[in-house]
Each structure stands twice: as structure tokens, then as C-alpha cells.
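*Asks:* I am attaching a structure below and will ask some questions about it afterwards.
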Amino acid sequence: MATGDIGNNAAKVRKQLHAIHYPHDVPTSIENLTRGEPHDHLAELLRILHYGLLDHSRHVAQLVQDAGFDLYGKTDLKFVDGVFRLAREKFSYFPLLTTAQFLSPHHFRERKLIILNDILAHAAQVHANASRKQRQEHAVWVPPTTKPSTKPSVRVPSNHVMTAEVDDEHSPWTSLNLGKAMATPSARVIRHERQRQPTTVVSSDLNRPSNQTIEEPPILDWTTKIDGATYHAVDKSILDASRPIDPHDQWWNQSPHAHGESNQEDGAHEYMDDDHEEDMYPRGCFTMQPTQAVDVAPVPQSPAAVTPPPPLDMFRAELTTLEANLFAKLDAMMDMVSAKFSALDIRLASLEDCMANRPSPVVDPPRPKLSTFLTNSTNPSYRWPPEPSVFGKQQS
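Each residue of the sequence shown is one higher than the one before, starting from 66 at the first, in my numbering.
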């Protein structure tokens, strides 16, 4: 893209910003890029690059991550360097400015607009290709179930004029709507009238089926008796809420074998055995005797054995031994550290000796003084150029 028309280049950048849905004010951003202050110019330039490559499209951000370019949390210099490397390696685009020239706040503003437009265009192309590929991968093809029964209609060209309908009342020219009000449509003509079926009169003497549903009794009811089962009389007086409660009738106040004796005398429940009785009346199978409160004195516990403390002399001897071991280990560590420092001093001294004998690459080596036949000549009148001593002799 040629330079010399900064307005056209700014319009192209504005179009790219609208295409990627730039969240900030686009006219203000273009003003900062073209004629803004140096600080605002650089800030807007880096903000647009960051949004276009990292925040706008997840496909472009995935490309940056897969390529190994870490553009998050970098300085301006490293960020622009990474963007240019991405453009060269992934977009095959080579910017015409270096990183230092791109970060210049006063120069190359039109070149920066051109580079910014090209990078945003390549990022938009990557986003479009990745989105199209993703839609193709997620598409599901459903085969048609039935073929169309009708033949496809013949396509009429757009420049073909159909002939107007001619009837008794309208001519071909008046049948077309040439800007005039259309006539009131005529009533719909019924060409085939539907034949009415003759009504059949049914006598009222016939029994018509009623719409009322008859409720059928359920198969089993609480009052339905099962054949072959034995039933005994049920005391329904317990259902009366107004009947006073006799505490002797409660099952916990009755004798343990009251139910068993009544069953043996009645004879109606001969099929019940002892196990079934225990299952039905678990509390009546055993007799609970109240226990008498007995005051039992607590059993005294023997005191725990206490280890006597060691004698003071033994404690001092162990402390002295521990102190001696600690000092010995500290001395060994100090000797080892001193030996390491001595070896390091020796290596530094040898390195300094090697560097002292080697000339510096910055300073030029001394050149030997060249002597010509003029300076070595014995006749002082033929020396050229003359030495300073000659002028001194003439002055004297």
C-alpha cells in the first residue's frame, strides 16, 4: 500500500475496526492515530493490536497460543516484537518498519496505519476460515425420506412478458394495473356445488344410548370377603372417640400371656404358633422386672506410676556432650566454607592473570614507529619534513 494519502488509510483502518466490533469509540481512536498526542497515539495503537489478536476472536487467540507466542503481560517492545514475528511466520506478512520505528511516537504514522490495517485484515481472514471450518464440522446431513411427486416447474425468464387475460368486460390494456385503482373483485363463482346429504329422522320411541357413564364397582373393596379365609369379630368400639379409656385395657398394662390364653380358649387362631406370637407381641415374650436402686461405692483407681527425674550430674554430662558435638559440627562446616572460598580466590586470581596478559579488543594495538631513509639520513639539509629542532636552531 502506497503512502501519501493518510485520510484513505485512516478510513481503511476505521472499516476494519467496525468489522471487528471495536468496543471503544472508533472516531476518537482514528483521531488519536492520525493527529493525536504521542502518548495517546502509542496507547491507541497497542490497544487495537491487543484487541484484534487476543480479545476479538477465539480462533485467532488459539492460533497465537498454538504458535507459542506469549503476548500477555509483556512490555510494549516485547509485545510489538511478538506481533511482528506472528505476522511473518503465520500470516506471511513482512512489516516495513522495525520494532523501534513502530514504537516511535512522532514518526511513520501513515506507515503504522498501513501495517495496522494489514494485520487486522489477516486476522479477520483467519477468523472467517476457522469459523467456516467449524460450521462444516458441526453440520449434520439428513437424507431425504421421500422424493417430490410433482415435476419441477419451468422457470420463466424475468424479461418475459405474460399475455394479459381477455374477457368480455376488460380489454388487454385495462386488465393491467398501470397506476390506476383496481376494480372491485367480482364474487367467487362456485363451479361445483356440494351435494347435501338427506337428513334422517329417527323416531323418539327407540332407546337411544345415554351419555351417562355407569360406575363399575371395584374388584376388591374393604368389605369384600375372600373365599377360604377365617374372620373374627372386630371390636369397633375403639373407634368411638367419646368412649372413656380404661388404663387396664392398654397392652402395656396387660399380663404377658393374656393374648396366648385367649387364643387357646377361643380356638379360632389355632394356626398361630409361638414364633408368630412373638413377632406380633414382642413385648409380651419377656417379663420386665424393676431393678432396685443400689448405692455402690466407686472403686478407687491406683495412681499412675511416676518416673523419677534423672540426677542433675547425669543431665549436665549429657548437655556437655551435646554441646561438644554441636561445636564440632560447626567447626567442620566453617572449615568447609573456608576451603570453598580459598578455592574461589585461587580461581579468580588465575582468571585475572589470564585477562591481564590478553589485550582489550576495544583498544587498538600500538603501531610500531616507522623510520624512513629521510629520518635516518646523516645530512640534515635533505630531511623532509623538517624536524622541530631545525626551526629552533634557525630562531636562535
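Even for Gly, the Cβ is constructed at its ideal location relative to N, Cα and C.
Whose CA, out of D305, A132, A75, I85, lies closest to the CA of P92?
*Replies:* Position 27 of the sequence shown, counted from the start, is the residue given in the question as residue 92. A check of alpha carbon separations from P92 across D305, A132, A75, I85 identifies A75 as the nearest.
*Asks:* Is the beta carbon of V148 closer than 9 Å to that of L161?
*Replies:* Stepping through the sequence shown from its first residue, residue 161 is reached at position 96. Stepping through the sequence shown from its first residue, residue 148 is reached at position 83. Not in contact: L161 and V148 (Cβ atoms no closer than 9 Å).
*Asks:* Specify the secondary structure class of H83 as computed by DSSP and reduced to three states.
*Replies:* Mapped onto the sequence shown, residue 83 falls at position 18. Helix, per DSSP.
*Asks:* Kindly indicate which three-state DSSP category P103 falls into: helix, strand or coil?
*Replies:* Counted from its first residue, the sequence shown places residue 103 at position 38. Looking at P103 - three-state DSSP - the assignment turns out to be helix.
*Asks:* What three-state label does DSSP hand A404 in the structure shown?
*Replies:* Stepping through the sequence shown from its first residue, residue 404 is reached at position 339. If DSSP states are grouped into helix, strand and coil, A404 belongs with the helices.
*Asks:* Could you tell me which of L185, L178, P170, A393 sits nearest to A152, measuring between CA atoms?
*Replies:* Within the sequence shown, the letter at position 87 stands for residue 152. The option with the nearest alpha carbon to A152 is L185.
*Asks:* What residue range is occupied by the uninterrupted alpha helix (DSSP H) comprising F167?
*Replies:* Within the sequence shown, the letter at position 102 stands for residue 167. F167 -> alpha helix (DSSP H) spans 164-167.
*Asks:* Please report the straight-line C-alpha distance between D418 and S407, rounded to a whole angstrom.
*Replies:* Here residue 418 is taken as the residue at index 353 of the sequence shown, counted from 1. Here residue 407 is taken as the residue at index 342 of the sequence shown, counted from 1. Inter-residue distance for D418 and S407 is about 17 Å (C-alpha atoms, whole angstroms).
*Asks:* Between E175 and G69, is the Cβ-Cβ spacing less than 9 Å?
*Replies:* What you label residue 175 is simply residue 110 of the sequence shown in a count that begins at 1. What you label residue 69 is simply residue 4 of the sequence shown in a count that begins at 1. Yes; because the gap between Cβ atoms is below 9 Å, this pair is in contact.
*Asks:* Taking the continuous alpha helix (DSSP H) assigned at R150, which residues delimit it?
*Replies:* For this step, residue 150 is matched to residue 85 along the sequence shown. 141-154 is the extent of the alpha helix (DSSP H) around R150.
*Asks:* K177 and F167: beta carbons closer than 9 Å?
*Replies:* As a first step, residue 177 is located in the sequence shown; it is residue number 112 there, counting from the start. As a first step, residue 167 is located in the sequence shown; it is residue number 102 there, counting from the start. Yes, these two residues count as a Cβ contact at 9 Å.
*Asks:* Roughly how many angstroms separate the alpha carbons of S196 and S94, rounded to a whole number?
*Replies:* Along the sequence shown, read from residue 1 onward, the residue named residue 196 stands at position 131. Along the sequence shown, read from residue 1 onward, the residue named residue 94 stands at position 29. Taking the straight line from one Cα to the other gives about 28 Å.
*Asks:* Can you tell me where the alpha helix (DSSP H) holding D131 begins and where it ends?
*Replies:* One-based indexing of the sequence shown puts residue 131 at position 66. Taken as a continuous stretch (DSSP letters only), the alpha helix (DSSP H) holding D131 covers 123-131.
*Asks:* What are the boundary residues of the alpha helix (DSSP H) that Q199 is part of?
*Replies:* Counted from its first residue, the sequence shown places residue 199 at position 134. From DSSP, the alpha helix (DSSP H) with Q199 extends over 174-203.
*Asks:* Where I180 and H192 are concerned, what is the direct C-alpha to C-alpha distance, given to the nearest angstrom?
*Replies:* By one-based count along the sequence shown, residue 180 stands at place 115. By one-based count along the sequence shown, residue 192 stands at place 127. C-alpha separation (whole angstroms): 19 Å.
*Asks:* Between the Cα of A189 and those of F392, T372, A294, A126, spot the shortest distance and give me the residue it belongs to.
*Replies:* The residue given as residue 189 occupies position 124 in the sequence shown. Of the listed residues, the one whose Cα sits closest to A189 is A126.
*Asks:* Which of the three DSSP states is assigned to S94 in this structure?
*Replies:* Your numbering for residue 94 matches position 29 in the sequence shown. It is helical.
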